[in-house]
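Trainee: 141 is the number that numbering that gives the first Met the number 0 gives the last residue of the sequence shown; the numbers go up by one with no jumps. For reference, the structure I am asking about is given below.
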Amino acid sequence: MHFKSTTTLLAALAACGALLAGAFAGEQSAVASSNEPNVILILTDDQTLDEMRALPKTQALIGGAGVTFSRAYISYPLCCPSRVSMLSGQYMHNHDVRGNQLPSGGWGKFATNGTEEKALPTWLQTAGYYNVEVGKYMNGYV
Numbered sequence: 000m001h002f003k004s005t006t007t008l009l010a011a012l013a014a015c016g017a018l019l020a021g022a023f024a025g026e027q028s029a030v031a032s033s034n035e036p037n038v039i040l041i042l043t044d045d046q047t048l049d050e051m052r053a054l055p056k057t058q059a060l061i062g063g064a065g066v067t068f069s070r071a072y073i074s075y076p077l078c079c080p081s082r083v084s085m086l087s088g089q090y091m092h093n094h095d096v097r098g099n100q101l102p103s104g105g106w107g108k109f110a111t112n113g114t115e116e117k118a119l120p121t122w123l124q125t126a127g128y129y130n131v132e133v134g135k136y137m138n139g140y141v
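This is the structure we're talking about:
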């Protein structure tokens, strides 16, 4: 197997790690015993369109039974504001995470301005899902 870039390899490893973590966590989740769907959100950073074409069989396995956002576009070019927009469903001017580190952004801003409480992982946890994060959640998150 040949990867065109380190970024593609890392994205593939993160996806596999997330799938494995979800498989082992299934027994611990209240949702695992119900008919609720599994939710796997794979969000990569600093990718070109060509890099996202790697591993077509893996993409078919992961996305074949789910939803692929093939026309999703970011509204701000920095990773933290874009990630918060994806997780909260808000534009950057509404969630106010405007950078990758304090005082204007990063984990510190996301956690203290109330946006984390309104983000997808919090909603899923409240609904009984077991959440696993692999890789970079937010700059400055420890």
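All C-beta atoms, glycine included, are put in the ideal place defined by N, C-alpha and C.
Use the C-beta contact count for Lys135: other C-beta atoms within 10 angstroms, 16 or more gives buried, fewer gives exposed.
Mentor: exposed
Trainee: Helix or strand or just coil, what does DSSP make of Gly134?
Mentor: coil
Trainee: Count the other C-beta atoms from every protein chain shown that fall within 10 angstroms of the C-beta of His92, then say buried if there are 16 or more, exposed otherwise.
Mentor: It counts as exposed.
Trainee: Starting from Arg125, follow the alpha helix (DSSP H) in both directions and report where the run begins and ends.
Mentor: A small fix is needed here, since residue 125 is Thr in this sequence, not Arg. Looking at the DSSP string, the run of the alpha helix (DSSP H) that includes Thr125 is Leu119 to Thr125.
Trainee: For Gly105, which three-state DSSP category applies?
Mentor: helix
Trainee: Is it buried or exposed for Met51, if we count other Cβ within 10 angstroms and need 16 for buried?
Mentor: exposed
Trainee: Nearest to Asn160 by alpha carbon, out of Val66, Ile73, Cys78 and Asp95?
Mentor: In the structure displayed, the chain extends from 0 to 141; residue 160 sits before or after that span and is not available.
Trainee: Based on DSSP bridge pairs, tell me the residues matched to Gly98.
Mentor: Gly104
Trainee: Does the stretch 74-91 come close enough to the stretch 38-46 to have 3 or more Cβ pairs within less than 8 Å?
Mentor: yes
Trainee: Checking 8 Å against the spacing of the C-beta atoms, do Arg97 and Gly105 come in under that value?
Mentor: no
Trainee: Ordered along the chain, which non-local residues of its own chain (more than five positions away) have a Cβ less than 8 Å from that of Met0?
Mentor: Model confidence at Met0 stands at a pLDDT of 48, short of 50, so the residue's coordinates are unreliable; what they give is reported in the following sentence. Excluding sequence neighbours, Met0 sits near nothing in its chain.
Trainee: Distance check for Thr114 and Gly139, CA to CA, integer angstroms please.
Mentor: Each residue's alpha carbon lies about 16 Å from the other.
Trainee: Counting only the same chain and skipping the five closest in sequence on each side, list residues whose C-beta sits under 8 Å from that of Pro102.
Mentor: Lys108
Trainee: Who are the Cβ neighbours of Leu86 in its own chain at under 8 Å, not counting the five residues just before and after it?
Mentor: Only Ala118, Leu119 and Pro120 meet the Cβ criterion.
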